[in-house]
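Notes follow once the structure below has been shown.
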Amino acid sequence: MITSTGELPLTNEHDIVLGRQSVRRMAQQQGFSLVDQTKIVTAASELARNALIYGGGGTLTWALLSEGARRGVRLTFEDQGPGIPNLELAMTDGWSSGTGLGLGLTGTRRLVNEFEIDSTVGVGTRVVITRWR
Amino acid sequence: MDRIPILRMGEFLLVTIQVDMHDQLALQLQDDLTCAIEKKGAKGVLIDISALEMVDSFIGRMIADISGMARILDARTVLVGMQPAVAITLVELGLSLPGVATALNVERGMVLLRAALNASETGDHVNR
Amino acid sequence: MNSKGTLASVLQSRRQEILTQWVKQLEQASASVKGRISATDLKTQANEFLGFLSATMETQDSNDLGAPGWQPVREFLEDLSRQRVFAGFSSDETATFIFSLKRPLFEALRQETKGDSERMAVETWAATELLDKLGLHTVKAFQISREEVIGRQQTELLELSTPVVKLWDGILALPMIGTLDSARTQIVMESLLQKIVETESQIAIIDITGVPTVDTLVAQHLLKTVAAIRLMGADCIISGVRPQIAQTIVHLGVDLQGVTTKANLADALALALKRTGISFTKH
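Residue numbers (the numbering used here), protein chains in the order written: chain A, 2 to 134; chain B, 16 to 143; chain C, 5 to 287.
Here it is, written out as structure tokens:
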């Protein structure tokens with residue numbers, strides 16, 4: 002169940018900083034532990050930057066979730082950029098390849114509980130991540 | 016434009032990062048630091064991130080780059096004060112910053128730099 | 005004729021009467037739980053609730069508890085349930101708070117609609133429907149709070165079962181016992197890192213003598229812990245590595261990445277002392 006939702010722009014690097022701070026507040030509001038807060042804020046920073054740098058700018062749609070005692074945060078990063086041509090390849094790095102090059106998607110995926118990515122070349126990319134308390 | 020200040024501590028330089036940096040600020044820091052190392056003939060750099068509640072891949076790479084650049088300019092870098100939550104997240108992200116020396120705080124960082132400096136002066140190779 | 009209007013006006017005009025009767029009901033119902041909540045607190049809570057309910061009914065057109073206008077009432081019941089959880093009440097004891105309001109409310113409605121049995125039936129039905137919804141919300145909130153408390157207790161138990169021990173100034177040890185699963189390893193990792201910062205320890209010894217098997221997942225968790233410790237500026241030694249475990253690690257192709265390992269805790273301690281520059285002399 003979504004208890005509240007909203008949208009933030011991702012058009013410049015200040016938006017990335019603001020986005021991070023908003024996500025931090027959301028995670029705190031949902032009662033996340035410090036480590037879980039840090040994980041989702043970091044994931045948000047990665048994806049926001051991707052949307053800006055690779056996607057040419059986009060939007061972050063956030064939603065606060067509640068399922069019984071479970072509280073969560075769902076973030077959707079959307080851009081109308083060039084899309085990711087080799088999605089399969091981009092997602093197959095193992096844990097120990099820590100060069101941090103490229104989109105950092107596999108690393109980001111490890112920071113959240115649910116991760117969905119949709120990308121079409123020439124159309125854009127959409128990544129949805131969810132972290133539960 | 017705001018910049019992150021670089022302080023001098025003897026023959027070392029100290030940078031305390033306290034703000035949530037936007038990318039441009041981080042790149043500016045990289046620039047300023049390399050210039051300062053050269054200008055002041057510094058032999059060591061301490062980067063204090065004890066106030067940072069988040070380090071993502073961009074900042075992580077910036078730190079690794081600073082360490083690399085400093086090395087080329089004959090200076091050692093020590094990263095100090097990383098918070099537990101940040102360390103756990105960075106490792107999960109896949110960034111363990113292998114080429115960067117670390118210490119618990121500025122004090123220990125200086126001890127480390129001193130030791131590395133002494134060792135290189137006496138010809139020993141200190142591997143960290 | 006607006007049935008909501010009657011309930012709302014009855015709550016206003018006969019409030020004192022309803023409150024008195026309700027508190028009496030509550031005190032009777034809680035005869036068995038006397039001592040867990042004082043009569044004064046009970047009365048205060050009942051009065052507060054009537055206030056919220058009355059105010060909400062003035063402005064709310066529908067019975068939909070999910071509507072934003074009902075938020076103050078919902079929050080009040082959620083707070084109440086949370087308090088009851090901590091005080092050790094059961095869910096039905098908690099729901100009684102709402103259900104014992106029925107009698108006084110119906111009585112007030114009966115007085116108000118005297119002579120008009122049609123109207124009385126309609127009003128009573130509306131009131132019962134509303135109170136049932138409020139009662140259910142209370143029970144739901146109670147269950148949620150209970151789950152939170154249980155979850156927290158489980159976490160605390162986990163933390164207690166893997167204590168971090170200070171062996172010497174600057175040297176911490178973490179004896180791991182039993183099977184390592186993902187959740188446990190996370191909590192343990194976090195508390196070890198926290199202790200390192202708090203005690204400003206230079207070396208952490210993770211002892212896995214008491215861990216029966218090490219599979220890829222466990223090995224990865226250990227490596228992540230070691231990497232995190234190093235990033236923070238401290239060192240890590242893994243002790244209690246039995247030959248079988250060493251074999252498993254090699255067969256799995258796990259790269260220990262320069263982590264120092266020792267066969268037992270004593271050897272690890274000796275190394276740690278050496279690294280921190282401490283030595284003992286025998287006399």
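Here a beta-carbon is modelled for each residue, glycine too, at the ideal position from N, C-alpha and C.
Quick caveat, the model's predicted, so the values are computed rather than measured.
Three-way DSSP call (helix, strand, coil) for residue i in this model
i                 : result
Lys118 of chain C : coil
Met24 of chain B  : strand
Thr107 of chain A : helix
Phe80 of chain C  : helix
Gly73 of chain A  : strand
Val258 of chain C : coil
Val113 of chain A : coil
Gly55 of chain C  : helix
Met5 of chain C   : For Met5 of chain C, the predicted model reports a pLDDT of 40, less than 50, meaning its position is unreliable; a value from the coordinates is still stated below. Here Met5 of chain C sits in coil by DSSP.
Phe73 of chain B  : helix
Ile81 of chain B  : helix
Thr131 of chain A : strand
Glu14 of chain A  : helix
Met180 of chain C : strand
Ser243 of chain C : strand
Gly59 of chain A  : strand
Ile233 of chain C : helix
Gly125 of chain A : strand
Gly155 of chain C : helix
Distance CB(residue i)-CB(residue j) smaller than 7 Å
i                 : j                 : result
Phe110 of chain C : Thr128 of chain C : yes
Ala125 of chain C : Ile22 of chain C  : no
Gly125 of chain A : Ile148 of chain C : no
Ala231 of chain C : Ser111 of chain B : yes
Leu11 of chain A  : Ala52 of chain A  : yes
Leu112 of chain A : Lys40 of chain A  : yes
Arg75 of chain A  : Thr109 of chain A : no
Ala79 of chain B  : Ile52 of chain B  : no
Thr280 of chain C : Gln158 of chain C : no
Ser5 of chain A   : Arg21 of chain A  : no
Val335 of chain C : Arg40 of chain C  : Outside the displayed span of chain C (5 to 287) sits residue 335 of chain C, for which this structure offers no information.
Phe53 of chain C  : Pro76 of chain C  : no
Ile81 of chain B  : Ile32 of chain B  : no
Arg23 of chain B  : Gln43 of chain B  : no
Arg71 of chain A  : Gln31 of chain A  : no
Met69 of chain B  : Val122 of chain A : no
Arg123 of chain C : Leu162 of chain C : no
Assigned exposure category for residue i - 16 Cβ within 10 Å defines buried
i                 : result
Gln98 of chain B  : buried
Gln190 of chain C : buried
Ala145 of chain C : buried
Gln16 of chain C  : exposed
Gly75 of chain B  : buried
Ile212 of chain C : buried
Phe73 of chain B  : buried
Asp185 of chain C : exposed
Glu89 of chain A  : exposed
Met193 of chain C : buried
Thr24 of chain C  : exposed
Asp71 of chain B  : buried
Asp35 of chain B  : buried
Leu256 of chain C : exposed
Arg78 of chain C  : buried
Ile154 of chain C : exposed
Ala71 of chain C  : exposed
Cutoff 8 Å; reference residue i; Cβ partners in own chain excluding five residues on either side
i                 : result
Thr100 of chain A : Confidence at Thr100 of chain A is low in this model, with a pLDDT of 41, below 50, so the placement of that residue should be treated as unreliable; the coordinate-derived value is given next. Excluding positions up to five away in sequence, the list is empty.
Gly139 of chain C : Ala99, Ile102, Phe103
Arg196 of chain C : A quick correction: the sequence has Leu, not Arg, at residue 196 of chain C. Val168, Leu176, Leu178, Ala208, Ile210, Thr229, Ile233, listed in sequence order.
Glu8 of chain A   : Thr60, Leu61, Thr62, Trp63
Leu128 of chain B : Phe27, Lys58, Gly59, Leu61, Arg91, Val93
Met2 of chain A   : Leu66, Ser67, Glu68
Cutoff 6 Å; reference residue i; Cβ partners in own chain excluding five residues on either side
i                 : result
Glu117 of chain A : Val129
Gly1 of chain A   : Because chain A spans 2 through 134 in this model, residue 1 of chain A falls outside it and cannot be assessed.
Trp26 of chain C  : Ala50, Leu105, Pro108
Trp96 of chain A  : Only weak support is given to the placement of Trp96 of chain A: the predicted model assigns it a pLDDT of 37, under 50, and the value that follows is read from those uncertain coordinates. So no residue of the chain qualifies.
Ile249 of chain C : Val218
Own chain residues within Cβ distance below 7 Å of residue i, not counting five before or after
i                 : result
Thr252 of chain C : Val218
Ala118 of chain B : Val93, Val95, Gly124, Leu127
Arg19 of chain C  : Leu54, Ser58
Ala91 of chain C  : Arg40, Ile41
- Query: Three or more C-beta pairs closer than 8 Å, one from the segment 44-52 of chain C and one from the segment 109-127 of chain C: is that the case here?
  - Reply: Touching, no, given that fewer than three Cβ pairs across the two stretches are closer than 8 Å.
- Message: Under 8 Å, with one C-beta from each stretch per pair, do the segment 25-36 of chain A and the segment 78-94 of chain A reach the 3-pair mark?
- Response: Too few Cβ pairs lie closer than 8 Å, so no.
- Does the pairing of the segment 75-94 of chain B with the segment 216-225 of chain C give three or more beta-carbon distances under 8 Å? No contact exists between the segment 75-94 of chain B and the segment 216-225 of chain C.
- Message: For the segment 87-96 of chain C against the segment 12-31 of chain C, do three or more pairs of beta-carbon atoms, one drawn from each stretch, fall closer than 8 Å, so that the two count as touching?
- Response: Contact between the segment 87-96 of chain C and the segment 12-31 of chain C is absent, with fewer than three C-beta pairs closer than 8 Å.
- Would you be able to state if there are at least three C-beta pairs under 8 Å between the segment 32-46 of chain B and the segment 101-116 of chain B? As far as the Cβ criterion goes, the segment 101-116 of chain B does not touch the segment 32-46 of chain B, which means the pair count is below three.
- Query: How do the segment 241-253 of chain C and the segment 265-284 of chain C stand: do at least 3 beta-carbon pairs fall below 8 Å, yes or no?
  - Reply: When C-beta atoms of the segment 241-253 of chain C are compared with those of the segment 265-284 of chain C, three or more pairs fall below 8 Å, so the two segments count as touching.
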